[in-house]
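Student: Next up is a structure, given as structure tokens.
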Amino acid sequence: QKEVEQDPGPLSVPEGAIVSLNCTYSNSAFQYFMWYRQYSRKGPELLMYTYSSGNKEDGRFTAQVDKSSKYISLFIRDSQPSDSATYLCAMSLDSNYQLIWGAGTKLIIKP
Amino acid sequence: DAGVTQSPTHLIKTRGQHVTLRCSPISGHKSVSWYQQVLGQGPQFIFQYYEKEERGRGNFPDRFSARQFPNYSSELNVNALLLGDSALYLCASSLAGRQPGYQETQYFGPGTRLLVL
Numbered sequence: 006q007k008e009v010e011q012d013p014g015p016l017s018v019p020e021g022a023i024v025s026l027n028c029t030y031s032n033s034a035f036q037y038f039m040w041y042r043q044y045s046r047k048g049p050e051l052l053m054y055t056y057s058s059g060n061k062e063d064g065r066f067t068a069q070v071d072k073s074s075k076y077i078s079l080f081i082r083d084s085q086p087s088d089s090a091t092y093l094c095a096m097s098l099d100s101n102y103q104l105i106w107g108a109g110t111k112l113i114i115k116p
Numbered sequence: 002d003a004g005v006t007q008s009p010t011h012l013i014k015t016r017g018q019h020v021t022l023r024c025s026p027i028s029g030h031k032s033v034s035w036y037q038q039v040l041g042q043g044p045q046f047i048f049q050y051y052e053k054e055e056r057g058r059g060n061f062p063d064r065f066s067a068r069q070f071p072n073y074s075s076e077l078n079v080n081a082l083l084l085g086d087s088a089l090y091l092c093a094s095s096l097a098g099r100q101p102g103y104q105e106t107q108y109f110g111p112g113t114r115l116l117v118l
């Protein structure tokens, strides 16, 4: 069993829809949770970063962490075709800098 | 300001050969991490260097090695290439490495795509 599980998709939604992306994890010691966006043939780009539990909002993006369920989510409101990319979750322990990644979900926003 | 740069962008090698990948961090960043991303999977941590010292190593064989230079640039070396080494190799830089209780943002380069035939 992988430490971080993420549905690879693809997830296809119409423009303007609300998108929900999720990851589950097995290690309850994870403290830092991140969402990266990766366009084809590019390196990952940090979108959201959350410490411990709770919600964080940045423009059209909202990240949620539920440590009791070992479940994190990324919501994208008013989705745009330019949001089409692979979204990767990543997490790390408090004193260990190594990032543990999900496999990524491919998101397609249809105009 | 320039982001993280990596060279070469693409590389084709044959089994058994050796490869050297290069990374230049963002100006002012002292930490470099290397990741391997196989098609369809998330990145896997290989190494982290800070101030020329190895600060972390992932679960990769000794065929993989790296170093960081005084100007904070870094090289990843892979010996005796296997078909399974075909992947996108990502370099990430950050200001400093492994500060307990503090997670720093890692900025990724575009990667080097390695194909082993």
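Chains as they are written, first to last, in this note's numbering: chain A, 6 to 116; chain B, 2 to 118.
Even glycine gets a Cβ: it sits at the ideal position worked out from N, Cα and C.
What you are looking at is a predicted structure, and each value in this text was computed from that prediction instead of being measured.
Within 8 Å, do at least three Cβ pairs link the segment 109-118 of chain B to the segment 49-57 of chain B?
Tutor: Flag = no, the segment 49-57 of chain B and the segment 109-118 of chain B do not touch.
Student: To which residues of the same chain is A:ASP88 closer than 7 Å at the C-beta, ignoring the five residues directly before and after it?
Tutor: Taken in chain order, the residues that qualify are ILE81, LEU112 and ILE114.
Student: Pairs of beta-carbons, one from the segment 81-99 of chain B and one from the segment 32-41 of chain B, closer than 8 Å: are there three or more?
Tutor: Output reads yes: the segment 32-41 of chain B touches the segment 81-99 of chain B.
Student: Does B:PHE46 come within less than 8 Å of chain A when only Cβ atoms are used?
Tutor: Yes, B:PHE46 counts as interfacial toward chain A.
Student: Compute the distance between the beta-carbons of A:ALA90 and A:ARG42, then report whether it is under 8 Å.
Tutor: Going by C-beta atoms, A:ALA90 is nearer than 8 Å to A:ARG42.
Student: Rounding to the nearest angstrom, what Cα-Cα distance links A:LEU104 and B:GLY43 in this structure?
Tutor: Each residue's alpha carbon lies about 10 Å from the other.
Student: Is the Cβ-Cβ distance between B:TYR108 and B:VAL5 less than 8 Å?
Tutor: Yes, the Cβ-Cβ distance between B:TYR108 and B:VAL5 is below 8 Å.
Student: According to the neighbour-count rule (16 or more other Cβ atoms, all chains shown, within 10 Å of its Cβ), is A:GLY48 buried or exposed?
Tutor: It counts as buried.
Student: Give me the chain B residues within the contact set of A:LYS47, using Cβ-Cβ distance strictly less than 8 Å, ordered along the chain.
Tutor: The answer, in chain order, is PRO111 and GLY112.
Student: List the whole-angstrom C-beta distance separating B:LEU91 from B:ARG16, where the pair is believed to meet the contact cut-off of C-beta under 8 Å.
Tutor: Not confirmed; about 23 Å, so no contact.
Student: From B:ALA3 to B:SER74, what does the alpha carbon distance come to, in whole angstroms?
Tutor: Computed Cα separation, rounded: 14 Å.
Student: Give the secondary structure of A:PRO58 by DSSP, where H, G and I count as helix, E and B as strand, and everything else as coil.
Tutor: A small fix is needed here, since residue 58 of chain A is Ser in this sequence, not Pro. The answer is coil: DSSP assigns A:SER58 none of H, G, I, E or B.
Student: Going by alpha carbons, who is nearest to A:ALA68 out of A:SER74, A:THR55 and A:LYS75?
Tutor: That would be A:THR55, whose Cα lies nearest to the Cα of A:ALA68.
Student: Taking only beta-carbon positions, decide if B:ALA15 is within less than 8 Å of chain A.
Tutor: The residue you asked about is not Ala; residue 15 of chain B is Thr in the sequence shown. By this cut-off, B:THR15 is not an interface position.
Student: Output, in sequence order along the chain, the residues in the segment 48-79 of chain A whose CB is closer than 9 Å to any CB in chain B.
Tutor: Cβ contacts with chain B: GLY48, PRO49, GLU50, LEU51, TYR54 and TYR56.
Student: So what does DSSP say about A:LEU26, is it helix, strand or coil?
Tutor: Here A:LEU26 sits in strand by DSSP.
Student: When the Cα atoms are used, what is the spatial distance from B:ILE47 to A:SER25?
Tutor: Each residue's alpha carbon lies about 30 Å from the other.
Student: A:ARG42 lies in the beta strand (DSSP E); which residues open and close that run?
Tutor: Element bounds for A:ARG42: 37-43.
Student: Looking at the unbroken beta strand (DSSP E) that takes in B:ASN60, where does it start and where does it end?
Tutor: Neither: B:ASN60 is in no beta strand (DSSP E) and is coded neither H nor E.
Student: From the DSSP output, which residues share a beta bridge with B:GLN69?
Tutor: Paired residues: B:SER75.
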